[in-house]
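For the sequence shown, position 94 (counting from the first letter as 1) is numbered 93 according to numbering that gives the first Met the number 0, and the numbering increases by one without interruption.
We put the CB at the ideal spot given by N, CA and C, even for glycine.
Computed from a prediction, not measured in an experiment: that's the story for all the values here.
Notes follow the structure.
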Amino acid sequence: MTLLKQVLSDLFKEIGWIVLYGFLAAMTVMTCILVGLSYKHVSGQNSAITRFIANDVSLLQIKSCDLNVPSSSMDEPTSAYSEPSQGSTASFMDYFERAFSAEGILGSYVILPFDRDGFNNVIIYFGKYAELTRFNLPAEKSTVIAVSPDMRKMVGQTVSLAAETFSVDAAVPDDMDLYHPYYYAPSDAEELKKTLYIFTDSYMLINRLFPQASGEMLLDHLIAIGATEAELVELRTVLFNSVGVYVGIQSMEAFIASAEAGGTRTHQTYLLFYISASVALIGAMLANMMRSLSFMMPTYSIHHLFGASGKHIFMRMLLFTAGYNILPLCGIALIMSRNMLASPVNIIILVLTVLTVATIISAVKFRQFKICFSQGLRRG
Numbered sequence: 000m001t002l003l004k005q006v007l008s009d010l011f012k013e014i015g016w017i018v019l020y021g022f023l024a025a026m027t028v029m030t031c032i033l034v035g036l037s038y039k040h041v042s043g044q045n046s047a048i049t050r051f052i053a054n055d056v057s058l059l060q061i062k063s064c065d066l067n068v069p070s071s072s073m074d075e076p077t078s079a080y081s082e083p084s085q086g087s088t089a090s091f092m093d094y095f096e097r098a099f100s101a102e103g104i105l106g107s108y109v110i111l112p113f114d115r116d117g118f119n120n121v122i123i124y125f126g127k128y129a130e131l132t133r134f135n136l137p138a139e140k141s142t143v144i145a146v147s148p149d150m151r152k153m154v155g156q157t158v159s160l161a162a163e164t165f166s167v168d169a170a171v172p173d174d175m176d177l178y179h180p181y182y183y184a185p186s187d188a189e190e191l192k193k194t195l196y197i198f199t200d201s202y203m204l205i206n207r208l209f210p211q212a213s214g215e216m217l218l219d220h221l222i223a224i225g226a227t228e229a230e231l232v233e234l235r236t237v238l239f240n241s242v243g244v245y246v247g248i249q250s251m252e253a254f255i256a257s258a259e260a261g262g263t264r265t266h267q268t269y270l271l272f273y274i275s276a277s278v279a280l281i282g283a284m285l286a287n288m289m290r291s292l293s294f295m296m297p298t299y300s301i302h303h304l305f306g307a308s309g310k311h312i313f314m315r316m317l318l319f320t321a322g323y324n325i326l327p328l329c330g331i332a333l334i335m336s337r338n339m340l341a342s343p344v345n346i347i348i349l350v351l352t353v354l355t356v357a358t359i360i361s362a363v364k365f366r367q368f369k370i371c372f373s374q375g376l377r378r379g
């Protein structure tokens, strides 16, 4: 009981530093978690970027042509896309039916809410975009219905889409993500759970099942694979004549080159800052614990002279260093729990690390204490 009172008294003298380090430790761990999530986010995109580059993907950016807007509507807000005129609807649909086919060059995807049969969303992959996902399409089917891994029980059952019934062919892989150069959803994203997937090369089919998916949303994510100059000119001509938009074209290599320079420098700067902050915090905590123990050496010596055993002094040092880390430990555990990382294994590793550090520091300072105490006795 006396030992605990002495340790609590020692800790109370350092309470300001303990609270400060507790807060800083929690913030440092949070930044480390953010760095880890950032790395996971980047590494998850890496394989998708590799697939896009290997397949010679070109990004198609739809831009409005304001010069074609009638003067009476110039003051009204307009979207980049307008519905095809009646005279161009047939050519518009015929072109996309051909361009999304197995022999075509185009791909796209659309996400729509789908509150039916336990699903929350439906993701439709058009044409060549399906070849860029992690899902291996069966060669014998032009339209494949699949479900997210958490809806695997639906495989073999049927779903109704616009009064038509389709059989669920498969479940997508557990690591199925969603990648577009302007957007990325990792495999554990909420929007990819309870999801119905449709992989198809038939524009007419989707226009019939989901009319809202065959217009502006489809054009927003449009890509071309291995397109020749003539094919890109044809695409521009069809879209300009039918919906009055201009198609900007950028290769995947050019997009990555323009995006990675600034992004890489920013990421490296953040990473350097987080690592430096972590090293500085850990170094400051260790140095301050050593300083505190050195400051209390005279008190330990007096107690030792009045009969306190060496074991008692060592335990006092050990409990002090362990108690010094209680608030930092609690702050770290709190941040880990908020980020769903507070598994029993992680907590055990964290506690063992703190105890190991506390034991090493106590052993070093206790050895120093014995040397100083012996020298003091000899001088006396």
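Strand pairing of LYS62, partner residues [DSSP]: The sequence position of residue 62 within the sequence shown is 63, counting from 1. Per DSSP, TYR245.
Which listed residue (ILE334, THR268, TYR196) has its alpha carbon closest to that of THR132: Position 133 of the sequence shown holds residue 132. Residue TYR196 is the option with its Cα nearest to THR132.
Assess contact between the stretch 350 to 368 and the stretch 315 to 327, defined as three or more Cβ pairs (one per stretch) separated by less than 8 angstroms. Is contact present? yes
Excluding the 5 residues preceding and the 5 following SER277 in the sequence, name in chain order all residues of the same chain whose CB lies nearer than 8 angstroms to its CB. Taking the first residue of the sequence shown as 1, we reach residue 277 at position 278. Answer for SER277: THR27, THR30, CYS31, listed in chain order.
So the candidates are SER8, ALA24, THR1; which of them puts its Cα closest to the Cα of ALA283? By one-based count along the sequence shown, residue 283 stands at place 284. Comparing Cα-Cα distances from ALA283 to each of SER8, ALA24, THR1, the minimum goes to ALA24.
Neighbourhood of LEU238 by C-beta distance below 6 angstroms, restricted to the same chain and skipping five residues each side: Walking along the sequence shown from the start, residue 238 turns up at place 239. VAL244, VAL246.
How is the alpha helix (DSSP H) around LEU218 delimited, first residue to last? Numbered from its first residue, the sequence shown carries residue 218 at position 219. 215 to 219 is the span of the alpha helix (DSSP H), which, as asked, contains LEU218.
Quick one: is LYS127 buried, meaning 16 or more other Cβ sit within 10 Å of its Cβ, or exposed? What you label residue 127 is simply residue 128 of the sequence shown in a count that begins at 1. The residue is buried, with at least 16 neighbouring Cβ atoms inside 10 Å.
If you draw a straight line from the alpha carbon of ALA161 to that of MET203, how long is it in whole angstroms? As a first step, residue 161 must be located in the sequence shown, where it is residue number 162. As a first step, residue 203 must be located in the sequence shown, where it is residue number 204. Cα to Cα, the separation comes out at about 13 angstroms.
Report the rounded CA-to-CA distance for PRO76 versus GLN211, giving the unit in angstroms. Taking the sequence shown and counting its residues from 1, the one referred to as residue 76 is at position 77. Taking the sequence shown and counting its residues from 1, the one referred to as residue 211 is at position 212. Because the pLDDT at PRO76 is just 39, under 50, the model does not fix this residue reliably, and the point stays unresolved.
Run of the beta strand (DSSP E) containing GLY309, from where it starts to where it stops: Taking the first residue of the sequence shown as position 1, residue 309 is located at position 310. Unbroken run through GLY309 is the alpha helix (DSSP H), 309 to 323; no beta strand (DSSP E).
Closest to GLU215 by C-alpha separation, out of ILE301, ARG115, ILE110, would be which residue? In the sequence shown, counting from the first residue as 1, residue 215 sits at position 216. When ILE301, ARG115, ILE110 are compared, the shortest CA-CA separation from GLU215 is found for ILE110.
Apart from the five residues just before and just after PHE254, which ones in its own chain have a Cβ nearer than 7 angstroms to its Cβ? Locating residue 254 in the sequence shown gives position 255, where the first residue counts as 1. Result list for PHE254: LEU58, PRO180, in chain order.
Could you tell me whether the stretch 88 to 108 touches the stretch 219 to 228, using the rule of 3 or more Cβ pairs below 8 angstroms? With a cut-off of 8 angstroms, the stretch 219 to 228 and the stretch 88 to 108 count as touching, because enough Cβ pairs lie within range.
Which residue comes first and which comes last in the alpha helix (DSSP H) that contains TYR181? Position 182 of the sequence shown holds residue 181. From DSSP, TYR181 is part of no alpha helix (DSSP H); its letter is neither H nor E.
My understanding is that THR185 touches ASP176, with C-beta atoms under 8 angstroms, so please give their C-beta distance in whole angstroms. Counted from its first residue, the sequence shown places residue 185 at position 186. Counted from its first residue, the sequence shown places residue 176 at position 177. Sequence inspection shows Pro at residue 185; the Thr mentioned does not correspond to that position. Indeed, because the Cβ distance is near 5 angstroms, the residues count as touching under 8 angstroms.
Which of helix, strand or coil does DSSP assign to GLU139? The residue you call residue 139 lines up with position 140 of the sequence shown. Coil at GLU139, not helix or strand.
Report all residues from its chain with a CB closer than 8 angstroms to the CB of SER72; omit the five preceding and five following residues, and keep chain order. The count along the sequence shown starts at 1 and reaches residue 72 at position 73. In this prediction, SER72 scores a pLDDT of 37, lower than 50, which makes its location untrustworthy; the coordinate-derived value is nonetheless stated afterwards. The answer is none, since no qualifying residue turns up.
Quick test of your reading: LYS364 and MET289, contact by CB under 8 angstroms. State the CB separation rounded to the nearest angstrom. Translated into positions along the sequence shown, residue 364 becomes position 365. Translated into positions along the sequence shown, residue 289 becomes position 290. Rounded, the Cβ-Cβ distance is 7 angstroms, consistent with contact.
So which of SER141, PHE118, ASN120, ASN119 has the shortest CA-CA distance to ALA129? The residue given as residue 129 occupies position 130 in the sequence shown. For ALA129, the nearest C-alpha among the options comes from SER141.
Pick from ILE205, PHE125, VAL356, VAL121 that is closest to ALA286, judged by C-alpha positions: Within the sequence shown, the letter at position 287 stands for residue 286. Taking only the C-alpha atoms, the option nearest ALA286 is VAL356.
Beta-carbon proximity of TYR415 to PHE198, cut-off 8 angstroms: Lying outside 0 to 379, the shown extent of the chain, residue 415 is not represented and no answer is given.
So, at 6 angstroms on beta carbons, what are the nonlocal neighbours of SER291 in its own chain, with the 5 sequence-adjacent residues on each side left out? Within the sequence shown, the letter at position 292 stands for residue 291. Taken in chain order, the residues that qualify are GLU13.
Can you tell me the Cα-Cα spacing of ILE52 and GLY155, whole angstroms? In the sequence shown, counting from the first residue as 1, residue 52 sits at position 53. In the sequence shown, counting from the first residue as 1, residue 155 sits at position 156. Taking the straight line joining both Cα atoms gives about 35 angstroms.
Which residue marks the beginning of the beta strand (DSSP E) containing PRO112, and which one marks its end? The residue labelled residue 112 in the question sits at position 113 within the sequence shown. Element bounds for PRO112: 105 to 112.
Give the range of the beta strand (DSSP E) segment to which SER159 is assigned. What you label residue 159 is simply residue 160 of the sequence shown in a count that begins at 1. Element bounds for SER159: 157 to 160.
Considering only the alpha carbon of each residue, which of THR1, ILE17, ASP219 lies closest to GLN60? For the purposes of this step, residue 60 is identified with residue 61 of the sequence shown, where counting begins at 1. It is ASP219.
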